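Engineer: In my numbering, the protein residues as written are 14 to 472.
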């Protein structure tokens with residue numbers, strides 16, 4: 014069958030139509046339907062360095078010249094829509110979840126259907142899983158949310174997740190290689206967590222993750238080079254970019270939080286070990302904590318984190334902390350560096366820079382002025398854990414100071430399910446940021462600032 018343009022309906026289009034028909038149908042055979050949506054319109058109101066804020070390249074260990082001598086301002090709008098349905102039966106014992114996404118499409122983007130007339134092919138599957146609640150246990154199978162730790166792995170992946178009381182275990186496959194001689198090149202993750210509350214206001218989680226793949230080793234790469242073939246490139250310090258390589262990464266962590274009246278503390282600690290390509294040794298670590306208090310409709314929070322860095326990228330020790338797949342949020346960190354109101358368009362998704370790590374100090378203040386209006390401000394001091402080293406026509410340089418940043422935000426609830434956000438961040442750049450400038454003279458020549466807004470309808 015053909016549509017008016019003469020194009021065959023794709024299998025994905027048929028699946029989407031089938032889901033929409035099911036959503037609109039009356040429940041049958043005691044099945045319950047719920048329907049959810051997250052419709053987001055974001056606007057970059059201003060930025061002074063458009064290439065820098067167009068990221069995501071913070072994880073890359075090869076230089077990207079993104080900060081120009083002159084101001085390169087930018088203004089754009091984008092939209093990101095998610096729709097999902099949950100279909101349950103047998104008193105909730107079985108639930109199927111399917112989510113569609115039209116993601117990060119700029120107004121006027123011809124590649125994704127954001128230009129004249131629309132009509133782009135841009136619908137994606139976000140989730141597709143079945144959730145089984147059997148006795149005291151729970152099993153989730155398929156493409157599902159992965160929530161291990163927001164600084165390490167919090168995204169979507171396919172796999173099987175099992176929960177029994179406070180115990181959780183899972184297998185996820187992040188990457189699969191179709192091979193005639195071996196299936197062990199696949200990238201698999203095995204996860205174990207135990208959560209408990211030693212006292213009512215304190216929660217603690219202990220977890221371990223083993224990511225493994227029997228892929229290319231250093232000797233394999235040497236053999237490919239000798240044969241005149243190119244091995245897959247490793248572009249930077251991000252595990253999901255290391256596919257097709259032999260690796261065993263072990264991450265052990267403890268996270269949680271506690272409250273005592275108006276005081277609160279949150280923490281995350283992760284230690285890593287293992288090998289990459291049978292020759293390089295993983296050895297990174299990550300520490301984060303929040304300490305804060307609530308008073309008179311206000312909240313004051315001090316945030317610190319230390320992501321370890323690698324002082325020598327040419328040796329066999331990989332001392333930098335490495336994330337698997339995550340999106341570091343500006344609301345708990347930096348509007349200039351991480352993901353804020355403008356989704357999927359930022360400098361870095363990971364909580365560090367290159368393989369040099371990150372030291373973040375942040376004091377944040379929030380005030381609820383009414384039931385609908387919330388405002389806040391933050392001051393930050395940022396450094397890399399190890400010095401950024403680089404060279405240019407003016408010489409060889411190294412520095413670890415990123416700079417001082419000030420952020421402001423306001424959130425206003427227009428309706429029960431409709432919210433408006435405005436935020437801005439200004440980084441007084443220090444000399445480590447010269448690495449991303451076009452002239453590389455050892456001195457940061459340009460501060461960085463950005464103003465974002467978002468209108469979000471969520472139900």
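Glycine included, every Cβ here is placed at the ideal spot set by N, Cα and C.
Here the structure is a predicted model, which is why all the values come from computation and not from measurement.
Note down, one range per segment and in chain order, each beta strand (DSSP E) of at least 3 residues found wholly within the region 132-170.
Structural biologist: Counting only runs of 3 or more, we get 136-147 and 150-162.
Engineer: Would you mind stating whether residue 305 and residue 278 have Cβ atoms separated by less than 9 Å?
Structural biologist: Stepping through the chain shown from its first residue, residue 305 is reached at position 292. Stepping through the chain shown from its first residue, residue 278 is reached at position 265. Yes. Within cutoff.
Engineer: So, under 8 Å CB-CB, residue 450 and residue 78 are touching, yes? Tell me the CB distance rounded to an integer number of Å.
Structural biologist: Here residue 450 refers to the residue found at position 437 of the chain shown. Here residue 78 refers to the residue found at position 65 of the chain shown. Confirmed, about 7 Å.
Engineer: Might you give, ordered along the chain, the residues of its own chain that have their beta carbon closer than 6 Å to the beta carbon of residue 41, omitting 5 neighbours on each side?
Structural biologist: Position 28 of the chain shown, counting from 1, holds the residue named residue 41. Its pLDDT being 49, under 50, residue 41 is placed unreliably by the model, and the measurement read from it follows with that caveat. Same-chain partners within the cutoff: there are none.
Engineer: Would DSSP call residue 462 helix, strand or coil?
Structural biologist: Position 449 of the chain shown, counted from the first residue, corresponds to residue 462. In this structure, residue 462 counts as strand in the three-state DSSP scheme.
Engineer: Can you look up residue 449 in the DSSP assignment and give me helix, strand or coil?
Structural biologist: Numbered from 1 along the chain shown, position 436 holds the residue referred to as residue 449. Three-state DSSP puts residue 449 in a helix.
Engineer: Sort out for me which residues DSSP pairs residue 271 with in a bridge.
Structural biologist: Within the chain shown, residue 271 is the residue found at index 258, counting from 1. According to DSSP, residue 271 bridges with 215 and 278.
Engineer: By the 10 Å Cβ neighbour count, where 16 or more other Cβ atoms means buried, how is residue 186 classified, buried or exposed?
Structural biologist: Reading the chain shown from its first residue, position 173 is the one you call residue 186. The residue in question, residue 186, is exposed, as its Cβ has fewer than 16 Cβ neighbours within 10 Å.
Engineer: If we count Cβ pairs, one from each stretch, closer than 8 Å, do we get three or more for the region 116-130 versus the region 148-155?
Structural biologist: No: the two stretches stay apart, fewer than three of their Cβ pairs being nearer than 8 Å.
Engineer: For a test of the three-state rule: what should DSSP assign to residue 102, helix, strand or coil?
Structural biologist: Here residue 102 corresponds to residue number 89 of the chain shown, with the count starting at 1. Strand, per DSSP.
Engineer: Between the Cα of residue 117 and those of 90, 141, 111 and 286, spot the shortest distance and give me the residue it belongs to.
Structural biologist: Numbered from its first residue, the chain shown carries residue 117 at position 104. Looking at the Cα atoms, 90 is the closest of the given residues.
Engineer: Excluding the 5 residues flanking residue 180 on each side, which residues of the same chain have their C-beta closer than 7 Å to its C-beta?
Structural biologist: As a working note, residue 180 is residue 167 in the chain shown. Within the same chain, residue 180 has close Cβ partners 207.
Engineer: Below 6 Å CB to CB, which residues in the same chain sit around residue 402 once its five sequence neighbours on both sides are set aside?
Structural biologist: Locating residue 402 in the chain shown gives position 389, counting from the first residue. Excluding residues within five positions, the ones whose Cβ falls inside 6 Å are 411.
Engineer: At the level of alpha carbons, what is the spacing between residue 147 and residue 101?
Structural biologist: Position 134 of the chain shown holds residue 147. Position 88 of the chain shown holds residue 101. Distance between the alpha carbons of residue 147 and residue 101 is about 13 Å.
Engineer: Out of 443, 312, 57 and 198, which one is the CA nearest neighbour of residue 352?
Structural biologist: Counted from its first residue, the chain shown places residue 352 at position 339. The option with the nearest alpha carbon to residue 352 is 57.
Engineer: Classify residue 382 as helix, strand or coil using the three-state DSSP reduction.
Structural biologist: Taking the chain shown and counting its residues from 1, the one referred to as residue 382 is at position 369. Note: residue 382 maps to coil in three-state DSSP.
Engineer: Below 8 Å, how does it come out for the region 158-168 and the region 282-302: are there three or more Cβ pairs, yes or no?
Structural biologist: Touching, yes, given that three or more Cβ pairs across the two stretches are closer than 8 Å.
Engineer: Using C-beta distances below 7 Å, list every residue in its chain close to residue 293, excluding the 5 sequence neighbours before and after it, in chain order.
Structural biologist: The residue labelled residue 293 in the question sits at position 280 within the chain shown. Result list for residue 293: 329 and 331, in chain order.
Engineer: If you draw a straight line from the C-alpha of residue 361 to the C-alpha of residue 389, how long is it?
Structural biologist: Sequence index remark: in the chain shown, residue 361 carries index 348 (1-based). Sequence index remark: in the chain shown, residue 389 carries index 376 (1-based). C-alpha separation (whole angstroms): 23 Å.
Engineer: DSSP three-state call for residue 522: helix, strand or coil?
Structural biologist: Since the first residue shown for the chain is 14 and the last is 472, residue 522 is missing from the structure and cannot be characterised.
Engineer: Please confirm whether residue 377 and residue 312 have their CB atoms less than 9 Å apart.
Structural biologist: The sequence position of residue 377 within the chain shown is 364, counting from 1. The sequence position of residue 312 within the chain shown is 299, counting from 1. Yes, these two residues count as a Cβ contact at 9 Å.
Engineer: Within the continuous beta strand (DSSP E) that includes residue 477, where are the two ends?
Structural biologist: What the structure shows of the chain is the stretch from 14 to 472, and residue 477 is not part of that stretch, so it cannot be assessed.
Engineer: Between which two residues does the alpha helix (DSSP H) holding residue 237 run?
Structural biologist: For the purposes of this step, residue 237 is taken as the residue at position 224 of the chain shown. Here the alpha helix (DSSP H) through residue 237 covers 231-239.
Engineer: In this structure, how does DSSP classify residue 369 when only helix, strand and coil are distinguished?
Structural biologist: One-based indexing of the chain shown puts residue 369 at position 356. Coil at residue 369, not helix or strand.
Engineer: May I ask you to verify whether the region 46-54 touches the region 216-234, counting CB pairs closer than 8 Å and requiring at least 3?
Structural biologist: No, the region 46-54 is not in contact with the region 216-234.
Engineer: Would you check if the distance between the CB atom of residue 252 and the CB atom of residue 366 is smaller than 9 Å?
Structural biologist: Taking the first residue of the chain shown as 1, we reach residue 252 at position 239. Taking the first residue of the chain shown as 1, we reach residue 366 at position 353. It is not a contact, given that the beta carbons lie outside the stated cut-off.
Engineer: Is the Cβ-Cβ distance between residue 387 and residue 439 less than 9 Å?
Structural biologist: Here residue 387 refers to the residue found at position 374 when the chain shown is read from its first residue. Here residue 439 refers to the residue found at position 426 when the chain shown is read from its first residue. No, the pair does not count as a contact, with Cβ atoms beyond the cut-off.
Engineer: Would you mind working out which of 248, 316 and 273 sits nearest residue 281, comparing C-alpha positions?
Structural biologist: Locating residue 281 in the chain shown gives position 268, where the first residue counts as 1. Considering only alpha carbons, the answer is 316.
Engineer: Is residue 67 near residue 358, with beta carbons less than 9 Å apart?
Structural biologist: Position 54 of the chain shown holds residue 67. Position 345 of the chain shown holds residue 358. Yes. Within cutoff.
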